[in-house]
Amino acid sequence: MKRLLLIMFVMVSTITIALSQGYNIGDKAADFRLKNVDGKMVSMADYHDAKGFVVIFSCNHCPYVIAYEDRMIDLHNKYAPKGFPVIAINPNDPAAQPQDSYEKMIERAAEKKFPFVYLFDEGQKVYPVYGATRTPHVYLLSKRGGDLIVEYIGTIDDNYKDVSEVKEKFLETAIDELLAGKKVSVTETKAIGCTIKVKK
Amino acid sequence: MKIKFIKFFLIMFSSMFFYISCSSPVTVNDKKLIVPVVDFEGFKPSLTKENDTTYVINFWATWCAPCIKEIPYFEKLTADYANEKLSVILVNLDFPNHYDSRLIPFINDNNIKSKVIMLDDPNSNYWINEVDPTWTGAIPATLIYNSSKREFYEKEFTYGELKGIIDNF
Numbered sequence: 030m031k032r033l034l035l036i037m038f039v040m041v042s043t044i045t046i047a048l049s050q051g052y053n054i055g056d057k058a059a060d061f062r063l064k065n066v067d068g069k070m071v072s073m074a075d076y077h078d079a080k081g082f083v084v085i086f087s088c089n090h091c092p093y094v095i096a097y098e099d100r101m102i103d104l105h106n107k108y109a110p111k112g113f114p115v116i117a118i119n120p121n122d123p124a125a126q127p128q129d130s131y132e133k134m135i136e137r138a139a140e141k142k143f144p145f146v147y148l149f150d151e152g153q154k155v156y157p158v159y160g161a162t163r164t165p166h167v168y169l170l171s172k173r174g175g176d177l178i179v180e181y182i183g184t185i186d187d188n189y190k191d192v193s194e195v196k197e198k199f200l201e202t203a204i205d206e207l208l209a210g211k212k213v214s215v216t217e218t219k220a221i222g223c224t225i226k227v228k229k
Numbered sequence: 303m304k305i306k307f308i309k310f311f312l313i314m315f316s317s318m319f320f321y322i323s324c325s326s327p328v329t330v331n332d333k334k335l336i337v338p339v340v341d342f343e344g345f346k347p348s349l350t351k352e353n354d355t356t357y358v359i360n361f362w363a364t365w366c367a368p369c370i371k372e373i374p375y376f377e378k379l380t381a382d383y384a385n386e387k388l389s390v391i392l393v394n395l396d397f398p399n400h401y402d403s404r405l406i407p408f409i410n411d412n413n414i415k416s417k418v419i420m421l422d423d424p425n426s427n428y429w430i431n432e433v434d435p436t437w438t439g440a441i442p443a444t445l446i447y448n449s450s451k452r453e454f455y456e457k458e459f460t461y462g463e464l465k466g467i468i469d470n471f
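First to last, the sequence lines map onto chains Z and P.
Residue 30 is where the first sequence starts when you use our numbering, and the numbers rise one by one after that.
Residue 303 is where the second sequence starts when you use our numbering, and the numbers rise one by one after that.
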């Protein structure tokens, strides 16, 4: 009996650990206060008119991010006016990946003329809360009452290397569904990406 | 089932042959170095081999710094377990247009002895789960399996860790 209880305890704690590793669909997302490339601190609470947010864990160095940068710009230009601005966050530790320093973020944002904010997760406090594991890694949030609800987690579309070959625009479909007052049909997708760099 | 399997292999082999015969071979040190390029359907049989060999399948790319750091450990496995039933497959995920400019030079410069294939299949949302449902898509990632056991690791290894896993597999 004791043994059974112990086994049950181990099982329950394993499940708890598994669940605590970041957000699942339907969870309430935490706001943050991070420094943008223009030097100003940004929180989601600052966006009074937003209906939600496209939070993308991103960086400077990752080839998969670079492949998606133009699509991130297009997404922001298309959906920010409809209430879903892009918020890009660099979660990497520059001590582990020097190309992802705050200074280099400013350079990259200027080069690409990012229309969206590009925030630095200094001290790497935000990405573990969300459960991001790679760049790019998208979290689509919607405002419901006073809360920010996680509606979609995953990738932007199904073809990183060729926009013209994209068959499914997972993220756009999810935003369109939210804008139409529907439930998101495909809530989670996966893609290859760069690991989030942590100094050892 | 059997016919389906044979058909599948025929397609896989013919596509590999097609690739080899159509692509201009890269000549390095006077020998032709070819890394097969496969889509997920072509790669899939490598994930489910039923024999007495243990397979170590590492997903990597030349642009991935932690991957490059651990490649020597997989190479050491290939060398140290040369007389045992262990097969290391390095599954490259570079962009296909970097085949000549990055992948081949990397293999040549580092004198890679393990088997290398390039997996070129952009619909990773589909195939990541087929490799392992727990994989979030970050690399490096490694699948180790044999006919009785299967473990997936989304992490960077040291040689000691790898050897410990293999010796107890």
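Heads up, the beta-carbon is just placed ideally off N, CA and C, and yes, glycines get one too.
From a predicted model like this one, the values you see are computed outputs, not experimental measurements.
Asked, Found
"Please list the segments of the beta strand (DSSP E) lying wholly inside the region 117-203 of chain Z, counting only runs of 3 or more residues, in order along the chain.", "146-149, 166-173, 176-183"
"Apply the 10 Å Cβ neighbour rule to Z/Gln50 and answer buried if 16 or more other Cβ atoms are within range, or exposed otherwise.", "exposed"
"How is the alpha helix (DSSP H) around P/Val433 delimited, first residue to last?", "426-433"
"Does the region 125-137 of chain Z come into contact with the region 100-110 of chain Z, if we say contact requires no fewer than three beta-carbon pairs (one atom in each stretch) closer than 8 Å?", "no"
"Using a Cβ-Cβ cut-off of less than 7 Å, list which residues of the region 425-437 of chain P approach chain Z; keep chain order.", "Asn425, Ser426, Asn427, Ile430, Asn431"
"Note down, in chain order, each residue of its chain lying with its Cβ closer than 7 Å to the Cβ of Z/Leu170, except the 5 sequence neighbours on either side.", "Ala58, Gly81, Phe82, Val84, Leu177, Ile178, Val179, Glu180"
"Return the chain-ordered list of same chain residues with a C-beta closer than 6 Å to the C-beta of Z/Thr164, the five sequence neighbours on each side being excluded.", "Phe86, Ser87, Cys88, Cys91, Val94, Gly222, Cys223"
"If you reduce the DSSP assignment to three classes, tell me which class P/Leu392 lands in.", "strand"
"Between which residues of its own chain and Z/Ala74 is the CB-CB distance below 8 Å, once the five residues before and five after are set aside?", "Asp60"
"Does the region 430-437 of chain P come close enough to the region 412-422 of chain P to have 3 or more Cβ pairs within less than 8 Å?", "no"
"If you check the beta carbons only, do Z/Val146 and Z/Asn65 fall under 8 Å apart?", "yes"
"Closer than 8 Å by C-beta to P/Tyr401: which residues in its own chain qualify, once you throw out the five before and the five after it? Chain order, please.", "Val337, Val339, Met420"
"How far does the alpha helix (DSSP H) with P/Asn360 in it reach, from first residue to last?", "Not the alpha helix (DSSP H): P/Asn360 falls in the beta strand (DSSP E), residues 356-362."
"Count the C-beta pairs between the region 146-157 of chain Z and the region 110-122 of chain Z that are closer than 8 Å, then say yes if the count reaches three, no if not.", "yes"
"Name the residue from Z/Ala96, Z/Tyr76, Z/Leu207 whose alpha carbon lies nearest to the alpha carbon of Z/Thr184.", "Z/Ala96"
"Could you check if P/Asn412 is buried or exposed, using at least 16 other CB atoms within 10 Å of its CB as the buried criterion?", "exposed"
"Using the beta-carbon count (16 or more within 10 Å), is P/Gly439 buried or exposed?", "buried"
"What's the gap between the Cα of P/Asn331 and the Cα of Z/Asp186?", "Note that P/Asn331 scores 46 on pLDDT, short of 50, meaning its location in the model is unreliable; the coordinates nonetheless yield the value given after this. Distance between the alpha carbons of P/Asn331 and Z/Asp186 is about 41 Å."
"Do P/Glu372 and P/Phe459 have their CB atoms nearer than 8 Å?", "yes"
"Under 8 Å between C-beta atoms, does P/Phe459 make it to chain Z?", "no"
"Looking at the structure shown, is P/Ile446 part of a helix, part of a strand, or coil, going by DSSP?", "strand"
"So, at 7 Å on beta carbons, what are the nonlocal neighbours of Z/Glu197 in its own chain, with the 5 sequence-adjacent residues on each side left out?", "Asp186, Asp187"
"Between the beta-carbon of P/Ile446 and the beta-carbon of P/Cys366, is there less than 8 Å?", "no"
"Are there 16 or more other CB atoms within 10 angstroms of the CB of Z/Tyr156, so buried, or fewer, so exposed?", "buried"
"P/Phe471 lies in the beta strand (DSSP E); which residues open and close that run?", "Here P/Phe471 belongs to no beta strand (DSSP E), and DSSP marks it neither H nor E."
"DSSP on Z/Thr218, reduced to helix/strand/coil?", "coil"
"Who does P/Tyr455 pair with in a DSSP beta bridge?", "P/Thr444"
"Hey, is P/Ala384's beta-carbon within less than 8 Å of any beta-carbon in chain Z?", "no"
"If the cut is a Cβ gap below 8 Å, which residues of chain P does Z/Asn188 touch?", "Pro424, Asn425"
"What residues of chain Z sit near P/Leu395, judged by a beta carbon separation below 7 Å?", "Ile221"
"Secondary structure at P/Lys465, three-state DSSP: helix, strand or coil?", "helix"
"Compare the C-alpha of P/Gly466 against each of P/Tyr428, P/Ile414, P/Tyr375 and name the closest.", "P/Tyr375"
"Does P/Gly439 come within less than 8 Å of chain Z when only Cβ atoms are used?", "yes"
"Assign Z/Pro114 to one of two classes, buried (16 or more other C-beta atoms within 10 Å of its C-beta) or exposed (fewer than that).", "buried"
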